[in-house]
Every structure is written in C-alpha cells, then in structure tokens.
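Just so you know, we're using our numbering here: the sequence shown kicks off at 1199 and counts up by one. C-beta: ideal position from N, C-alpha, C; glycine also. In what follows, a single structure is set out as structure tokens and then discussed.
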Amino acid sequence: MGYSSLQECVDDLEKNGHLIRIKEEVDPHLEMAAIHLRVFEKKGPAILFENIKGCDFPAVSNLFGSVERSRFMFRDTIKKVEKLIEIKGDPISALKQPLKNISVPFVALTALPKKTKKNPVLANETTITKLPQIQCWPMDGGPFVTLPIVYSEDIDKPGVMNSNLGMYRIQLGGNEYIPNKEIGLHYQLHRGIGVHQTKANAKGEPLKVSIFVGGPPSHTFSAVMPLPEGISELTFAGALGGRRFRYTYEDGYAISSDADFVITGEVYPGENKPEGPFGDHLGYYSLKHDFPLMKVHKVYHRKGAIWPFTVVGRPPQEDTSFGALIHDMTGAAIPQEIPGLHSVHAVDAAGVHPLLFAIGSERYTPYLKEKRPQELLTIANHILGTGQLSLAKYLFIANKADNPSLDIHDEEKFLAHIMERIDLTRDLHFHTQTSIDTLDYSGDGLNTGSKIVIAAAGDKIRDLSNEVPAFIDLPAGISEPRVVMPGILAFTATAFNDYESAKTEIKKLTDYLSTHKSDLDGFPMILISDDSKFVSETTSNFLWEAFTRSNPSHDIYGVDEFILNKHWGVKTAFILDTRMKPHNAPFLIKDPEVEKKVDRLGEKGGSLYGII
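Take a look at the structure:
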C-alpha cells in the first residue's frame, strides 16, 4: 500500500484485524516492552498504546511482528520491488522479457525523492524528554529509540541522492547526557553514516544528522535494507512504499515530510560519551562504550504523531521479519554478486550475524576422483568480505552437487549433511585476529575476534550417531553427556574460570576421549556446556548457545589435534566450549513484577484478554 503516513498504516491494519488498542495507562519503563514481547510470543497483532504514563503521544509496536503482516503492508509493491532488485543484478533479463517486466519503469518513477513546498512535520516542536521514554530491559542505560531512521549526507557531495539512511540505535537519556541537549548514537565508522562522519572529521566540521521516527513503514524498512551498490535507501523507500520520498530542508537539515517525528542535531569531531548498556538482538546486553554524541538542535512532530518502537532480545523477535523480507527481496541478488554461490542464510536463532549457512558449487578440477572443498573456499572468502555477512564468526558451506535438494533453512538437515562429510584433518579453516560484530562479546576485545569456515564437499565419510556412548569414569568436572542432534554430543562442565584453566580441563577430556575413539565415530562435534540439558532440548537452544558464546580461535579444541604447515586439524572430533565466560555480556532477564502487571491486562476485561 502507498501509505502517506503511519496513521494511515495503523488505520489500515486495524480495519483488517491486524491491530489492537491498549487503552489502560502503561508505563514506558519496562511495561510497554513486556507487553510487546508477550504479544509477539503469542503471534499477536500490532499494538497501539493510547495512554502512556507521563507522555502525550501514543505509540505503536509489533508492526512487523509477522512476515504475513509485513507483506500485507507492502502487498501492492513487494513483487515489483523484488523484480527491480533482480533486474539491477541481471539487467539483460529485462531486455529478454520486456512484457514480463513492463511495470518496472513505473516502479522506478516512484523511487525518485520529491522536494515539497510544505512539511506537516514542522508544524510543532517539542523536547526529547516529552517523547515516549521507552526502556526495554532492566539494565538498559536509559530510554532508546529502537526504530530510528537516521539520515546523513556526504559533506563533499551534499544532497539527498548521496545521503545515507540507516537504523542505528539512539539513546535519549541516562548516563552522562545533558537532558534535552544531548543524545547518543550507536554506529560503527565503517557504516554509511560513519563514512560521512569521517569525511566531516577530516575537515574539522560537525556532521548534520536528522533522525526520522515514524512515517510510512517503507521508510523504516529501507533503513535496515542492505541494498546493492548504486541503489539509495530513499529511492528504495519510494519504490517499496509506492510513494516518492518527500522532504524539505530547515536550518540546513533534511526533514522527511512524511515522518511523525524528526530530531535534528550535529555530531562534532572527537566528541563521544558512554552509550548503553542495551538489551540487544543476540539475547544479551551490549555494554557501555563511548560512541558519537549528537547535540540536539530541534525536535519536530506532526499533528497526531505516533511513536513506533520495537523490542529486541534473544531471537526470534520482531526484527526476524525484517530478515525474512530482506531474504525474499534479495535472495536472488547475492548469488549474482558472488560467482558459484547458490544461497546463503544468516541463522536467526544464533542472532543472525554470528552464524551463516551457505551452498556453493564445487567445479574446480572435476576430473579428480577425490572431491574436496576448493571453489567453496574461494566462495567463503567472498562471503566473508561482503557487507554485513562479514560480521559472521562461523560459516558452514556445502557443495550443491552433493545433494541438490539441500535446504539451508532446515538447520538440522543442513548440519547433518556437513557432519557426514567433513574431513576434520582438512576442512576447518580459521581467520584469527579479525573483526566481528560490535554487539558480540565472545571475542577478546570490542569488535575483535575470529572466524572459522567449515567446508564440506564429497560423499559421506561417516554415519552419524544418535545414541549417547556409555562413558565410564569421565574426568572430574565433566558429566551428563547428551545428544544435541545426530553427530553432535554435549557434556556439562564446571563453570568457566579462565582460558588457562579451560585448556587444562579440556586436555583431560581430550586425553580421555582419545582412548575411546570408537565411541566417537558418529560424533565429529562435541560441546562443552554449562548445562547439556538446556543445549540439547531444542535446536534453537543449541544454535543460540553454541554460536553466540564462543570465539572460534579461543574456544575450539580437538581430540587428537595437530598442526601441519600452519594448518590446524583433528583426527577424531572437534570440541566447542560454549560455556559463559567472564567477559561475555549478561543474559537478558525479564522483571517478574512487571510481568505480573502484564498478566492483569490478559485477564477478562483487559485489553489483552484472549491474546496473551
């Protein structure tokens, strides 16, 4: 739908049974987030909060709470946009099928940003503290904007066509921020806005930033969309929304004409303040660190403005729908950019960035009788050098010809395929002393860690076991062996203390297992866990624990490990230590008293009766 405003979207969702209203007064401190999480867990509708304690503005959440609702909002344009992205990657196809692609030029017309004479957002001014002060998790450093659309321009090439639209979290208060005068921006210098800031810093000038909140949902989605080179977020927002992105300038700042709120301000060279903690999408807190400081210029809002927000935490959450839509739209585009790649999947249950599954073609030296990963390693390096895929720590990649029907979204079957074929002496490839996601605290420093590529090509070399071996007299501190899934075994171990102690503990285990090789024939992968029962209960638990709490270079060990010509390998099984480490960020835990307040809304007569 070509919504002209967030209000129009809210009305459409309500009319079609996709939205409910909460009329009771709700507290922006934890309660609104708790309500959102409970409704999302029940696969419920979008939520309009009409009565927020201490605030005159309403708020809406869970707009993108399901893929079905997300596609419903873009029902008139999504197929055309998918075609537009496909043609961008393969323009010759449009020439070969002109009638099939006849609508594409008309979609392109809506992509051009439009400067307007009037801007309803400029009708009213307010202050930061009068905005909804939504805090999602108990240890958060303050209230945050969780669906911001952050706009910046290239200081050397000003104008909307060289702008960047990104979703970088914004801290509205708390810590050392001066109320109403300063807010915090969390982004990395390699991101679009960071490139703009680097250029401004070099000239000793402040970077002007506009933060749009609300507006048509296509604007929000565009801020998270990893677009192919040459397509701007503003043009994508227009194409997806079926309505040109409208804007004006005020005091030198770009102001979205369709937003509900706009915060303007400047980021000065070298001026940072502590931002965080913040309950983040990996299921842990991202901790307090220095990030760019924005000095607030003005805060605008339109008449009847609605504040959109979301809550992130251990996946799946609402942002899972973003990932699904992104895959729908760009699934065909990424393989076109990487020769030999058929598909790649950022695994949501593992927090998206830490873990990738991929399928490629193994076409090198096809005359050889022994199949081994060769081209797969070239493809893997290309993947790890591409956009946000470069944040991955673990990349499992398989050869399509070995099983043409293999589905990277069926996590258990995909891992089983890898485990059946992996040659542990050859197929583990480390990248050490490299960068990982800033939000991932499994490494040995902020944004610092390691990666591993696990590539498998060829016929099965083992049958996977699904039965726990009858281990006797396990080393002290190691207990409760359990099967996680075929081929993967987990042990409970005493709490992690430090890496030197861990090496000693695991050496005792590997020495023990080395004398029980026959028991491990069907288990190429072993986990050392704080709780083997938890990690083996569900595939989701396994993916979350194993790949969010470990740093490959530090936490992978081997039964009968060796180093040959700088290559590390094992002869029996590799071990992954998934225990919580002292430097890991703490879990996200709900406040029980707040949960009781939410329970009351679900009782008969409450706004959430029959939903939660």
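Through-space distance from residue j to residue i, alpha-carbon basis
i, j, result
"residue 1711", "residue 1655", "27 Å"
"residue 1332", "residue 1628", "41 Å"
"residue 1678", "residue 1731", "8 Å"
"residue 1692", "residue 1485", "26 Å"
"residue 1504", "residue 1556", "40 Å"
"residue 1274", "residue 1200", "8 Å"
"residue 1408", "residue 1259", "22 Å"
"residue 1215", "residue 1805", "15 Å"
"residue 1646", "residue 1639", "9 Å"
"residue 1741", "residue 1680", "16 Å"
"residue 1698", "residue 1704", "10 Å"
"residue 1465", "residue 1349", "12 Å"
"residue 1271", "residue 1743", "34 Å"
"residue 1696", "residue 1781", "10 Å"
"residue 1507", "residue 1440", "23 Å"
"residue 1760", "residue 1768", "6 Å"
"residue 1291", "residue 1280", "Residue placement at residue 1291 is poorly supported in this model, since its pLDDT is 45, which falls under 50; the coordinates are not used for a value here."
"residue 1591", "residue 1575", "15 Å"
"residue 1167", "residue 1623", "Outside the displayed range of the chain (1199 to 1810) lies residue 1167, so it cannot be described from this structure."
"residue 1446", "residue 1202", "16 Å"
"residue 1385", "residue 1564", "45 Å"
Sheet register partners of residue i (DSSP bridge)
i, result
"residue 1473", "1487"
"residue 1313", "1445"
"residue 1597", "1558"
"residue 1322", "1499"
"residue 1723", "1686 and 1772"
"residue 1247", "1220 and 1257"
"residue 1796", "Answer by DSSP bridge pairing: none, since residue 1796 is not bridged."
"residue 1344", "Paired residue(s): none; residue 1344 is not in a bridge."
"residue 1492", "1381 and 1465"
"residue 1506", "1258"
"residue 1227", "1333"
"residue 1352", "1355"
"residue 1677", "1690"
"residue 1650", "1592 and 1628"
"residue 1785", "1482"
Buried versus exposed call for residue i [16 or more other C-beta atoms within 10 Å across all chains shown]
i, result
"residue 1566", "exposed"
"residue 1664", "exposed"
"residue 1366", "buried"
"residue 1435", "buried"
"residue 1808", "exposed"
"residue 1321", "exposed"
"residue 1649", "buried"
"residue 1402", "exposed"
"residue 1723", "buried"
"residue 1643", "exposed"
"residue 1278", "buried"
"residue 1424", "exposed"
"residue 1360", "exposed"
"residue 1763", "exposed"
"residue 1779", "buried"
Segment limits, beta strand (DSSP E) that includes residue i
i, result
"residue 1196", "Given a span of 1199 to 1810 for the chain in the structure shown, any question on residue 1196 remains unanswerable."
"residue 1540", "1539-1544"
"residue 1364", "1361-1364"
"residue 1406", "1405-1411"
"residue 1402", "Unbroken run through residue 1402: none, as it is neither H nor E."
"residue 1811", "Residue 1811 is absent from the structure shown; the chain starts at 1199 and stops at 1810."
"residue 1454", "1451-1454"
"residue 1265", "Segment 1265-1271 is the alpha helix (DSSP H) holding residue 1265; no beta strand (DSSP E) there."
"residue 1761", "1754-1762"
N- and C-terminal bounds of the alpha helix (DSSP H) containing residue i
i, result
"residue 1631", "From DSSP, residue 1631 is part of no alpha helix (DSSP H) but of the beta strand (DSSP E) over 1626-1633."
"residue 1811", "With the chain covering 1199 to 1810 only, the question about residue 1811 has no answer from this structure."
"residue 1701", "1697-1712"
"residue 1812", "The question about residue 1812 has no answer here: the residues shown for the chain are numbered 1199 through 1810."
"residue 1611", "1609-1619"
"residue 1202", "Unbroken run through residue 1202: none, as it is neither H nor E."
"residue 1805", "Neither: residue 1805 is in no alpha helix (DSSP H) and is coded neither H nor E."
"residue 1421", "1415-1422"
"residue 1578", "1573-1581"
"residue 1438", "1431-1439"
Short CB-CB distance (under 7 Å) between residue i and chain B
i, result
"residue 1377", "The structure shown has no chain B; it contains just one protein chain."
Counting pairs of beta carbons, one from the segment 1265-1275 and one from the segment 1520-1527, are three or more of them closer than 8 Å?
Judged by Cβ distances under 8 Å, the segment 1265-1275 makes contact with the segment 1520-1527, as three or more pairs qualify.
Using a Cβ distance threshold of 8 Å, determine whether the segment 1508-1516 contacts the segment 1466-1485, with at least three qualifying pairs required.
The segment 1508-1516 is in contact with the segment 1466-1485.
Inter-stretch contact at 8 Å, needing at least 3 Cβ pairs: the segment 1306-1318 / the segment 1446-1459:
Yes: the two stretches touch, three or more of their Cβ pairs being nearer than 8 Å.
Can you find at least 3 beta carbon pairs, one from the segment 1774-1784 and one from the segment 1201-1215, that sit closer than 8 Å?
In the pairwise beta carbon analysis, the segment 1774-1784 is classified as not touching the segment 1201-1215: fewer than three pairs are separated by under 8 Å.
Any chance the segment 1596-1608 sits against the segment 1748-1759, with 3 or more Cβ pairs inside 8 Å?
With a cut-off of 8 Å, the segment 1748-1759 and the segment 1596-1608 do not count as touching, because too few Cβ pairs lie within range.
Stretch-stretch touch, CB-based, cutoff 8 Å, three pairs: the segment 1333-1341 with the segment 1350-1357:
With a cut-off of 8 Å, the segment 1350-1357 and the segment 1333-1341 do not count as touching, because too few Cβ pairs lie within range.
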